[in-house]
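Report on one structure; see the data block that follows.
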Amino acid sequence: MEHSPFSVSDIRAQFPALRQKVYGKQLIYFDNGATSQKPQVVLDTLAQYYALENANIHRGVHYLSQQATSAYEAARRTIQKYIGANAPEEIIFTKGTTDSINLVAFSFGERLKPGDEILISAMEHHSNIVPWQLLCERKGCVLRVIPISKKGELDLTAFDQLLSERTKLLALTHISNTLGTINPVKELIAKAHQVGAKVLLDGAQSIQHLSIDVKDLNCDFYTFSGHKVFGPTGIGILYGKEALLDTMPPYQGGGDMISKVTFERSTYNTLPLKFEAGTPHIAGAIGLGSAISFLQSIDMKAAAAHELELTKYAQGILDTFEGLHIIGEAKNKTSVVSFTIDQMHPFDIGTLLDKQGIAVRTGHHCTQPLMDFYQIPGTVRASFAFYNTKEEIDTFVAALERSMQILGA
Amino acid sequence: MTLQEKQQEIIDEFAIYDDWMDKYEYIIELGKSVPTLAPELKTQDRLIEGCQSNVWLATEIKDGKMHFSADSDAIITKGIIGLLIQVLNNESPEAVLKSDLFFISQIGLAEHLSPTRANGLLSMVKRMKTEALQSLAQ
């Protein structure tokens, strides 16, 4: 698709939330790692759907149902093409990344046996830890953890040692939500395949920053959430290779996922509906399709370069602050700047920044084992999207200085 | 001073601040002036874990009145603790149990006692009341 030259001001103009004031101050939104704001086109799509197209999908014979069905399936194809999947059958609509990972843990997990190993890393979000712990409890499998360095990079030597014939699944975050580290997933996927393991990528933090091509990555599963990629909340994607998804049992039972039901036994629908029990989040799916179309209109290479520039700019300034420690200094990282300040609690800094109109996240970011590794209670995390600016970082830095003065005085 | 009067006094003190940062500067100063809880009192049973900050609460009852001391790892949380203690200290268990802490929302800090804030303060107030109830039951 043709896209116009990358212009931050043109992009900002499409996000109504960025124009507001909070506590009398212009809002600066640096909590994009938690959720991104929504462009007008996504809001319009949602309003249009509920105003004029609302109907239940797939079995309605009437006009509206057909309209809604074709919009829902068109969204699936938009997403399929965007991430380079082979067929729409490989795109399952879920509630979000967490739901996608749980689906795999329950359905793919059925084939695992006692002693089988699942390999994750020390920088995983709780959503990519707990479903596997639950699976290990059910099946007697063993969870192994790839350690990381202080800089926040995977220990690749340890990875080689941990990977074995016993490894059935490597479940790895593509980009760390706390550290911003971009993991060398392509290389790790190839190595995992050599021992016969399947690979799930947690793409919650990568879909909005990188151009994703699941065929090129050759991952078996890729998961992401709509709300972190400028789409609605409550919708997400599980990509899975068709041949693999085909062999997996259904996760939840209900409407839409069946072929025929009798009291004796039921047969299941084909992909992708086999994994979409019940009325799905139709508006969410169509809204996500719209968000992905919006991304296609943006020069993502230029957007990524802009985000990287913001990150370097912010880190360059913060590095000069006495007592401030940046957590996550991987060579290859995305637009996340996590930090701690000596003798100052992240909660206090976050609260004072909030009162100056700046939204950051504080705490453990759902990565408690990672906080234990760094022996810190939490961090302050500024995470940038392509609509953020250097001017906003300047205001943030001044607000941070003022907060530190008040807290340190 | 009654519990109502103590709360009104805080509301009046805060009335002079129309800027959020001034208000928080005051809370932070207060947080710094609240005595730190002795390490031996920071035990697991006195810990109230919040998602954002932790709180430790120690309770004593002397001559029918409740005496609270508390601490937090976050200074803003500790400042608000200071306000809560100012209001609830030296009150009877009945008064603590029945107390309506209206001053918190009137000075614009309701968010800190909201269930979603998870800084330990709401749980601390609940525990203060539970301990008041327990002392009444004895």
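Which chain is which? The protein sequence lines are F and A, in order.
Position in the first sequence (from 1) plus 17 gives the number in our numbering.
Position in the second sequence (from 1) plus 61 gives the number in our numbering.
Here a beta-carbon is modelled for each residue, glycine too, at the ideal position from N, C-alpha and C.
For this session: Taking 7 Å as the cut-off, decide whether the C-beta atoms of F:Pro56 and F:Phe311 are in contact.
Result: What you label residue 56 of chain F is simply residue 39 of the first sequence in a count that begins at 1. What you label residue 311 of chain F is simply residue 294 of the first sequence in a count that begins at 1. Going by C-beta atoms, F:Pro56 is nearer than 7 Å to F:Phe311.
Problem set entry | Interfacial residues, the segment 65-87 of chain A to chain F, with Cβ spacing under 7 Å | Trp81, Met82, Tyr85 and Glu86
Exercise. What is the C-beta distance between F:Lys291 and F:Pro267, in whole angstroms, given that I count them as a contact (C-beta under 8 Å)?
Worked result: The sequence position of residue 291 of chain F within the first sequence is 274, counting from 1. The sequence position of residue 267 of chain F within the first sequence is 250, counting from 1. In this structure F:Lys291 is in contact with F:Pro267, their Cβ atoms being roughly 6 Å apart against a cut-off of 8 Å.
For this session: Quick one: grab the DSSP three-state call for A:Asp80.
Result: In the second sequence, residue 80 of chain A corresponds to position 19, counting from 1. A:Asp80: coil per DSSP, three-state reduction.
Exercise. Applying a beta-carbon distance threshold of less than 8 Å, which residues of chain F neighbour A:Asp132?
Worked result: Residue 132 of chain A sits at position 71 when you count from the first residue of the second sequence. Going along chain F, no residue has its Cβ under 8 Å from A:Asp132, so there is no contact; the nearest lies around 12 Å.
Exercise. When the cut-off is 7 Å and only beta carbons count, does F:His342 lie next to chain A?
Worked result: Working through the first sequence from its first residue, we reach residue 342 of chain F at position 325. False, the Cβ-Cβ gap to chain A never drops below 7 Å.
For this session: Give a yes or no on whether 7 Å exceeds the smallest Cβ distance from F:Thr368 to chain A.
Result: The sequence position of residue 368 of chain F within the first sequence is 351, counting from 1. F:Thr368 counts as touching chain A.
Exercise. Can you tell me the Cα-Cα spacing of F:Ile303 and F:Pro105, whole angstroms?
Worked result: In the first sequence, counting from the first residue as 1, residue 303 of chain F sits at position 286. In the first sequence, counting from the first residue as 1, residue 105 of chain F sits at position 88. Using only the alpha carbons, I get a separation of about 14 Å.
Exercise. Would you say A:Gln113 faces chain F, with C-beta separation under 7 Å as the test?
Worked result: Reading the second sequence from its first residue, position 52 is the one you call residue 113 of chain A. At least one chain F Cβ lies under 7 Å of A:Gln113.
For this session: Under 7 Å between beta-carbons, which chain A residues line up against F:Lys372? List them in chain order, please.
Result: As a position in the first sequence, residue 372 of chain F is number 355, starting the count at 1. Those are Trp81, Met82 and Tyr85, listed as they occur along chain A.
For this session: Starting from F:Ser242, follow its DSSP beta bridges and name the residues at the other end.
Result: Locating residue 242 of chain F in the first sequence gives position 225, where the first residue counts as 1. F:Gly253, per the DSSP bridge assignment.
Problem set entry | Contact list for F:His75 against chain A, beta-carbon separation under 8 Å | Residue 75 of chain F sits at position 58 when you count from the first residue of the first sequence. Residues of chain A passing the Cβ test: none, with the nearest at roughly 37 Å.
Exercise. Per DSSP, A:Met127 forms a beta bridge with which residues?
Worked result: For the purposes of this step, residue 127 of chain A is taken as the residue at position 66 of the second sequence. Paired residues: A:Ile122 and A:Glu152.
Exercise. Around the Cβ of A:Gln113, are there at least 16 other Cβ atoms within 10 angstroms (buried) or fewer (exposed)?
Worked result: If you number the second sequence from 1, residue 113 of chain A lands on position 52. When all chains shown are included, A:Gln113 counts as buried.
Exercise. What residues from chain A crowd round F:Asp365, counting only those whose CB sits closer than 7 Å?
Worked result: Locating residue 365 of chain F in the first sequence gives position 348, where the first residue counts as 1. Result: Ala135, Ile136 and Ile137.
Exercise. Across which residues does DSSP place F:Thr62 in a beta bridge pair?
Worked result: Indexing the first sequence from 1 puts residue 62 of chain F at position 45. None, per the DSSP bridge assignment.
For this session: Would you decide whether F:Lys130 is buried or exposed? Buried here means 16 or more other CB atoms lie within 10 Å of its CB.
Result: On the first sequence, position 113 is the one that residue 130 of chain F refers to. With fewer than 16 Cβ atoms within 10 Å of its Cβ, F:Lys130 is classed as exposed.
For this session: Could you tell me the boundaries of the beta strand (DSSP E) in which F:Ala188 lies?
Result: By one-based count along the first sequence, residue 188 of chain F stands at place 171. It spans Thr184 to Thr190 - the beta strand (DSSP E) in which F:Ala188 sits, taken as one unbroken run.
Problem set entry | For F:Val159 and F:Ala139, believed in contact at Cβ under 8 Å, the rounded distance | Against the first sequence, residue 139 of chain F aligns to sequence position 122. Against the first sequence, residue 159 of chain F aligns to sequence position 142. Wrong, their Cβ atoms sit about 16 Å apart, outside the cutoff.
Exercise. So, is F:Leu288 buried or exposed, given that buried needs 16 or more other C-beta atoms within 10 angstroms?
Worked result: Numbered from 1 along the first sequence, position 271 holds the residue referred to as residue 288 of chain F. Result: buried.
Exercise. Shorter than 7 Å from the beta carbon of A:Ile89 to some beta carbon of chain F?
Worked result: Position 28 of the second sequence holds residue 89 of chain A. It does: the Cβ of A:Ile89 has a partner Cβ on chain F nearer than 7 Å.
Problem set entry | Residues within the segment 156-187 of chain A neighbouring chain F, beta-carbon criterion of under 7 Å | Asn180
Exercise. Between F:Gly380 and chain A, is there a C-beta pair that is closer than 7 Å?
Worked result: Numbered from 1 along the first sequence, position 363 holds the residue referred to as residue 380 of chain F. So yes, F:Gly380 belongs to the interface.
Problem set entry | As assigned by DSSP and simplified to three states, the class of F:His362 | Within the first sequence, the letter at position 345 stands for residue 362 of chain F. Residue state for F:His362 is assigned as coil, using DSSP reduced to three classes.
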